[in-house]
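**Student:** Have a look at this one before I ask anything.
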Amino acid sequence: MEPLSILRSPPVVGLASLAAQRLLSRGSSTSPATSLLGAAVAAAGLGVAAAGIREIRAAGTTLDPTRPADASKVVRQGIYRYSRNPIYLGDALLLAGYAIHRRDLLAILPVAGFVGVIDTFQVSAEEEALRDRFGSTYGDYVASVRRWL
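Numbering (my numbering), first residue to last: 9 to 157.
Below you can see the structure in the form of structure tokens.
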């Protein structure tokens with residue numbers, strides 16, 4: 009699993025961020041409004057990530073974030089018209105929803121950490137591999153669609 013190490017694997021980073029939220033925040037008692045808002049943000053995140061997964065599967069290309077060079081095409085339809093990384097965006101929203109539910113500002117730190125690690129290490133490596141594989145096709149996509157939102 010060398011192209012992108014398991015330590016930078018998005019599911020591992022996401023789970024580590026979730027664990028850090030629980031460890032860092034005391035989890036104040038949650039009001040119904042806070043729980044509802046957190047659930048809505050988390051549900052939006054799940055929807056965004058699911059839309060990204062659906063488009064990748066429909067295109068018949070790889071979902072494996074550790075092997076971006078195995079991609080068979082640049083996915084530009086559906087949610088990928090608005091974000092180059094809807095699955096990671098959805099993951100970040102899911103973590104943000106949980107942070108809202110925890111009602112502790114410290115629970116936001118792992119969300120920022122997740123975005124920082126994924127953006128700096130994972131997305132950069134993926135984009136380099138996709139640029140190498142698809143050249144100007146991917147370059148045109150990068151020029152027309154934002155990385156996150």
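C-beta: ideal position from N, C-alpha, C; glycine also. This structure is a prediction, so every number in the text was calculated from the model and none was measured.
Out of curiosity, what's the CA-to-CA distance linking Pro118 and Leu103?
**Tutor:** Using only the alpha carbons, I get a separation of about 8 Å.
**Student:** Which of the three DSSP states is assigned to Gly60 in this structure?
**Tutor:** Gly60: helix per DSSP, three-state reduction.
**Student:** With distance defined between alpha-carbon atoms, name the residue in Tyr146, Arg110 and Thr145 nearest to Gly46.
**Tutor:** Of the listed residues, the one whose Cα sits closest to Gly46 is Arg110.
**Student:** For the alpha helix (DSSP H) that Val123 lies in, which residues bound it at each end?
**Tutor:** Its alpha helix (DSSP H) spans residues Leu117 to Val125.
**Student:** When DSSP labels each residue in this structure, what does Thr74 get in the three-state scheme?
**Tutor:** In the structure shown, Thr74 sits in coil (DSSP, three-state: anything other than H, G, I, E or B).
**Student:** Return the Cβ separation of Asp40 and Gln130 in integer angstroms, given the expectation that the two are a contact with Cβ distance under 8 Å.
**Tutor:** The question names Asp, yet the displayed sequence has Pro at residue 40. Wrong, their Cβ atoms sit about 36 Å apart, outside the cutoff.
**Student:** Need the endpoints of the alpha helix (DSSP H) that Thr128 sits in, please.
**Tutor:** It is not in any alpha helix (DSSP H) - Thr128 carries neither H nor E in the DSSP assignment.
**Student:** Following the continuous alpha helix (DSSP H) through Asp99, name the residue where it begins and the one where it ends.
**Tutor:** Here the alpha helix (DSSP H) through Asp99 covers Pro94 to Arg110.
**Student:** Helix, strand or coil for Ser144 per DSSP?
**Tutor:** Note: Ser144 maps to helix in three-state DSSP.
**Student:** Buried or exposed: where does Ser25 fall if 16 or more other Cβ atoms within 10 Å of its Cβ makes it buried?
**Tutor:** By the 10 Å Cβ count, Ser25 comes out buried.
**Student:** To which residues of the same chain is Arg155 closer than 7 Å at the C-beta, ignoring the five residues directly before and after it?
**Tutor:** Only Arg92, Asn93 and Val131 meet the Cβ criterion.
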